[in-house]
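Student: Below is one structure. I have some questions about it.
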Ligand SMILES: [Zn+2]
C-alpha cells in the first residue's frame with residue numbers, strides 16, 4: 008500500500024452539517040451549503056440533472 012494519496016485523508020473537511028438540509032455540505036469559511044445552496048439563495052439548490060427522469064416525467 009502506497010502512501011501516495013493517503014496523506015490527504017487526515018485533513019479536516021471545511022464542511023460542517025448544514026442546518027437546512029442536514030448534510031455535511033455547509034462550508035464553514037465560505038458560509039454556504041454546496042448541497043442545498045443555503046447561504047447563497049433562499050431557494051433550494053435544485054438542478055434537473057440531479058434527479059433522473061423516470062417515464063419521461065421528473066420526480067421533483
Ligand atoms: Zn444545505
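Residue numbers (our numbering): 8 to 67. Beta carbons are placed, not taken as given, at the ideal position from N, Cα and C, and that holds for glycine.
Could you work out which residue in 48, 15, 49, 19 is closest to residue 35 when comparing CA atoms only?
Tutor: The candidate whose alpha carbon is nearest that of residue 35 is 19.
Student: What did DSSP end up calling residue 42 once you bin it into helix, strand or coil?
Tutor: The answer is coil: DSSP assigns residue 42 none of H, G, I, E or B.
Student: I need the straight-line Cα distance from residue 23 to residue 10, nearest angstrom please.
Tutor: If I take the Cα positions, the gap works out to 27 Å.
Student: Give the straight-line distance between the Cα atoms of residue 53 and residue 31, rounded to the nearest whole angstrom.
Tutor: Roughly 17 Å between the two C-alpha positions.
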